[in-house]
Amino acid sequence: MDPKIKQLLLDEHVTAGAARFGVSFSELSFIGGFQNFIYTYIREGVKYILRFTPGTLRSPEGLAAEIDWVRYLADKGLSVANSISSAAGLDFERIEGESINFYVSSFQFAPGRKIGYPECLDNPTLYEQCGRITSRLHKLSMQYEPSVKRHTWESNEYLLRANDYLPQEHPALQALEAIRTELSSLSVTAQTFGLIHGDISVGNFMVDEAAGITLFDFDECQYSWYIEDIAIQLYYLLYVFGEDSKSKRKEQYEQFMVHFERGYTAAGLHMPDRWREQLELFLRLREIIVVIGMHRSWDLSQPDEWTRDFLRDSTMRIARGISVIDGF
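See the structure below:
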């Protein structure tokens with residue numbers, strides 16, 4: 001999160017927002033968040049999320065579209081953390097701050113447990129389940145007729161504000177322009193393009209005892225190509241390997257794609273048209289978005305060893321116009 005925004009959400013704003021959902025400040029536990037302020041609370045033994053979204057990040061229309069999408073998916077039987085209405089029956093509430101507003105929303109706390117690194121690596125069962133739930137989400141997206149529409153990929157906040165967050169000389173700025181041109185040339189059909197989750201990763205789903213997945217955090221949902229939802233998942237399984245571990249990265253890539261495709265097709269869809277040739281394009285896009293996010297939200301003046309090595313390798317790939325699966 002932008003460090004300046006972190007200073008603008010005061011306890012009085014949190015107290016007011018929580019009250020709109022019948023929760024007291026003392027009942028909240030802060031658990032973090034990359035773009036939003038995320039708290040948990042307990043009601044009748046059940047755990048919930050309370051989310052504060054800066055008004056500089058999302059519009060009321062964008063939040064309404066996100067929640068409409070989540071509720072549609074839940075109504076259709078997809079395992080997602082559904083939205084919870086406020087005491088007044090609203091999808092979200094607005095809290096006025098001193099210089100910006102905050103929008104408060106609540107969601108179910110997804111059941112199960114998180115699978116982090118390294119447990120998520122070399123995990124065929126997980127990859128097949130990822131394929132299944134992604135396929136079901138995309139199939140539902142093809143049938144979805146929203147009452148309010150979410151933004152398209154061109155209006156992604158990271159792409160719009162890259163110049164604000166990156167140093168002027170960073171190669172990602174030039175690379176981003178080239179990627180925009182490439183994306184604009186892709187065909188848009190009902191079978192390849194629709195509303196996607198936009199940030200499926202091990203940080204945004206829970207896994208139950210039967211290996212079933214529950215998705216949450218639809219804050220990055222947008223209209224884009226379905227292949228982007230696949231590339232994002234792959235990227236976060238590969239970016240942990242440095243340039244000195246290319247053989248391990250290739251092995252991980254091949255393993256993921258075999259089992260993900262098996263799950264995706266078993267759930268009723270064929271892989272998106274031309275997905276193999278487009279995969280590298282969306283992996284390059286995700287790398288740039290990750291780098292933009294790091295520059296926006298982290299203090300990179302004294303990075304730790306992993307961050308330093310990642311930024312070095314990532315900058316090299318971006319400057320050369322290659323992805324993490326180049327040459328595979």
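According to UniProt numbering, the sequence shown is numbered sequentially starting from 1.
No residue lacks a Cβ here, since even glycine has one placed at the ideal position from N, Cα and C.
Exposed or buried, what is residue 163 when buried is set at 16 or more other beta-carbons lying within 10 Å of its beta-carbon? Counted from its first residue, the sequence shown places residue 163 at position 163. Classification for residue 163: exposed.
Where do the ends of the beta strand (DSSP E) carrying residue 258 lie? By 1-based counting over the sequence shown, the position of residue 258 is 258. For residue 258, no beta strand (DSSP E) encloses it; the enclosing alpha helix (DSSP H) starts and ends at 246-266.
Three-state secondary structure assigned by DSSP to residue 158: The count along the sequence shown starts at 1 and reaches residue 158 at position 158. Three-state result, residue 158: helix.
Spatial neighbours of residue 313 within its chain, please: CB distance less than 8 Å, with the 5 preceding and 5 following residues excluded, ordered by chain position. The residue given as residue 313 occupies position 313 in the sequence shown. Result list for residue 313: 242 and 243, in chain order.
Let me confirm a value: residue 327 is counted as buried when at least 16 other C-beta atoms fall within 10 Å, else exposed. Which label applies? On the sequence shown, residue 327 is found 327 positions in, with the first residue counted as 1. Exposed, by the Cβ-count rule.
For the candidate residues 189, 236 and 249, whose alpha-carbon lies nearest to that of residue 226? By one-based count along the sequence shown, residue 226 stands at place 226. When each option's Cα is compared against that of residue 226, the closest is 189.
Does DSSP put residue 54 in a helix, a strand or coil? Working through the sequence shown from its first residue, we reach residue 54 at position 54. Residue 54: strand per DSSP, three-state reduction.
Leaving out five residues before and five after residue 144 in sequence, what residues of the same chain have Cβ atoms less than 8 Å from its Cβ? Position 144 of the sequence shown, counted from the first residue, corresponds to residue 144. Answer for residue 144: 69, 72, 194 and 195, listed in chain order.
Close-in-space but distant-in-sequence residues of the same chain around residue 166 (CB under 7 Å, 5 per side omitted): Sequence index remark: in the sequence shown, residue 166 carries index 166 (1-based). Answer for residue 166: 172, 173, 292 and 295, listed in chain order.
Determine the DSSP secondary structure at residue 236, reduced to helix, strand or coil. For the purposes of this step, residue 236 is taken as residue 236 along the sequence shown, with counting starting at 1. Here residue 236 sits in helix by DSSP.
Using a Cβ-Cβ cut-off of 8 Å (strictly less than) and excluding sequence neighbours within five positions of residue 25, which residues of its own chain qualify? On the sequence shown, position 25 is the one that residue 25 refers to. If we look at residue 25 and ignore the five residues flanking it on each side, its Cβ neighbours are 11, 14, 15 and 18.
In or out: residue 43 buried (at least 16 other Cβ within 10 Å) or exposed? In the sequence shown, the residue the question calls residue 43 occupies position 43. By the neighbour-count criterion, in which a residue is buried when 16 or more other Cβ atoms sit within 10 angstroms of its Cβ, residue 43 is exposed.
C-beta contact flag for residue 119 and residue 263 at 7 Å: One-based indexing of the sequence shown puts residue 119 at position 119. One-based indexing of the sequence shown puts residue 263 at position 263. Not in contact: residue 119 and residue 263 (Cβ atoms no closer than 7 Å).
Going by CA-CA distance only, name the one from 253, 212 and 210 that's closest to residue 230. Residue mapping note: residue 230 aligns to position 230 of the sequence shown, counting from 1. Comparing Cα positions, the closest option is 253.
Would you identify the three-state DSSP class for residue 101, choosing helix, strand or coil? As a working mapping, residue 101 is identified with position 101 in the sequence shown. DSSP places residue 101 in strand when its eight states are reduced to three.
The segment 41-58 contacting the segment 196-204, beta-carbon criterion three pairs below 8 Å: Contact between the segment 41-58 and the segment 196-204 is absent, because fewer than three Cβ pairs lie under 8 Å.
Going by DSSP, which residues form a beta bridge with residue 144? Here the question's residue 144 lines up with position 144 in the sequence shown. As far as DSSP is concerned, residue 144 takes part in no beta bridge.
Roughly how many whole angstroms lie between the Cα atoms of residue 85 and residue 209? As a working mapping, residue 85 is identified with position 85 in the sequence shown. As a working mapping, residue 209 is identified with position 209 in the sequence shown. One C-alpha to the other measures close to 29 Å.
Residue 81 burial status per 10 Å Cβ neighbour count (16 or more: buried): Working through the sequence shown from its first residue, we reach residue 81 at position 81. The residue is buried, with at least 16 neighbouring Cβ atoms inside 10 Å.
So the alpha helix (DSSP H) residue 183 belongs to, where does it begin and stop? The residue labelled residue 183 in the question sits at position 183 within the sequence shown. Note, residue 183: alpha helix (DSSP H), 171-184.
Reduced DSSP category for residue 129 - H, G, I as helix; E, B as strand; rest coil: As a first step, residue 129 must be located in the sequence shown, where it is residue number 129. Helix, per DSSP.
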